[in-house]
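Undergrad: Before we start, here is the structure in question, set down as structure tokens.
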Ligand SMILES: NCC(=O)N[C@H]1[C@@H](O)[C@H](n2cnc3c(N)ncnc32)O[C@@H]1CO
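Next up, the structure:
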């Protein structure tokens, strides 16, 4: 899994078109979303994650918790983003992983939104620009060497 974490004044998105034949079903309300004072987490779920999705979810949540506490963010935006890796996991696995990351963060007490999966979306982001505002993390299941 590859994550790009951007501490932002706000992140807002608007669904445009389907990017998959069968994107995640969404309500009218989910076609637009916005959070203020947010840790935006752009996530590419990778093929290697398919060997142990539960472990990758746990590691991702721990990394996000760690960054959120450093930047003092209580709002987290989980954003499916297929552009951080050339070895993507299958969509059904990726969606399941992202749903679990969202759920576990909520269980940890964060105010969490997740952008819809399988769509092209317009988005606006206002990065805060402090030294910890732009971070990336690479997560792999244990026992898997990560090719750089
Ligand atoms: N910017 C727009 C976009 O990325 N759209 C992506 C994601 O929403 C989602 N998606 C598919 N596979 C994955 C994956 N392995 N990891 C994360 N998202 C995925 O499906 C869309 C087309 O790839």
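Numbering (the numbering used here), first residue to last: -11 to 136. Positions of the beta carbon are idealized from the N, C-alpha and C atoms, including for glycine. Since the structure is predicted, the reported quantities are computational estimates derived from the model, not experimental observations.
Where does residue 63 sit, in a helix, a strand or coil, going by DSSP?
TA: Counting from one through the chain shown, the residue named residue 63 turns up at place 75. In the structure shown, residue 63 sits in a strand (DSSP, three-state: E or B).
Undergrad: Should residue 90 go down as buried or exposed, given a rule of 16 or more other Cβ atoms within 10 Å for buried?
TA: As a working mapping, residue 90 is identified with position 102 in the chain shown. The residue is buried, with at least 16 neighbouring Cβ atoms inside 10 Å.
Undergrad: Could you say which of 49, 83, 119 lies nearest to residue 10 if we only look at CA atoms?
TA: Sequence index remark: in the chain shown, residue 10 carries index 22 (1-based). Its Cα nearest to that of residue 10, the residue 83 stands out among 49, 83, 119.
Undergrad: With three or more beta-carbon pairs closer than 8 Å as the criterion, would you say the segment 71 to 82 touches the segment -7 to 2?
TA: At 8 Å Cβ cutoff, the stretches do not touch.
Undergrad: At what residues does the beta strand (DSSP E) containing residue 84 begin and finish?
TA: In the chain shown, counting from the first residue as 1, residue 84 sits at position 96. No beta strand (DSSP E) holds residue 84; the alpha helix (DSSP H) holding it covers 79 to 95.
Undergrad: Does ligand 1 have a heavy atom nearer than 6 Å to the CB of residue 32?
TA: Here residue 32 corresponds to residue number 44 of the chain shown, with the count starting at 1. Result yes, Cβ under 6 Å from ligand 1.
Undergrad: When you compare the CB positions of residue 54 and residue 44, do they come within less than 7 Å of one another, or not?
TA: Taking the chain shown and counting its residues from 1, the one referred to as residue 54 is at position 66. Taking the chain shown and counting its residues from 1, the one referred to as residue 44 is at position 56. Going by C-beta atoms, residue 54 is not nearer than 7 Å to residue 44.
Undergrad: Is the beta carbon of residue 27 sitting closer than 7 Å to the one on residue 64?
TA: One-based indexing of the chain shown puts residue 27 at position 39. One-based indexing of the chain shown puts residue 64 at position 76. Their beta carbons are under 7 Å apart, which means residue 27 touches residue 64 by this criterion.
Undergrad: Buried or exposed: where does residue 0 fall if 16 or more other Cβ atoms within 10 Å of its Cβ makes it buried?
TA: The residue labelled residue 0 in the question sits at position 12 within the chain shown. Residue 0 should be labelled buried.
Undergrad: Quick check: what's the CA-CA separation for residue 12 versus residue 101?
TA: On the chain shown, position 24 is the one that residue 12 refers to. On the chain shown, position 113 is the one that residue 101 refers to. Distance between the alpha carbons of residue 12 and residue 101 is about 15 Å.
Undergrad: DSSP on residue 45, reduced to helix/strand/coil?
TA: For the purposes of this step, residue 45 is taken as residue 57 along the chain shown, with counting starting at 1. In the structure shown, residue 45 sits in a helix (DSSP, three-state: H, G or I).
Undergrad: Can you have a look at residue 124 and say buried or exposed, based on whether 16 or more other CB atoms are within 10 angstroms of its CB?
TA: For this step, residue 124 is matched to residue 136 along the chain shown. Its Cβ having fewer than 16 others within 10 Å, residue 124 is exposed.
Undergrad: Would you check whether ligand 1 has a heavy atom nearer than 6 Å to the C-beta of residue 8?
TA: Residue mapping note: residue 8 aligns to position 20 of the chain shown, counting from 1. Correct: residue 8 has its Cβ closer than 6 Å to ligand 1.
Undergrad: Alpha carbon to alpha carbon, what distance is there between residue 15 and residue 6?
TA: For the purposes of this step, residue 6 is identified with residue 18 of the chain shown, where counting begins at 1. For the purposes of this step, residue 15 is identified with residue 27 of the chain shown, where counting begins at 1. Cα atoms of residue 6 and residue 15: separation of roughly 14 Å, rounded to the nearest angstrom.
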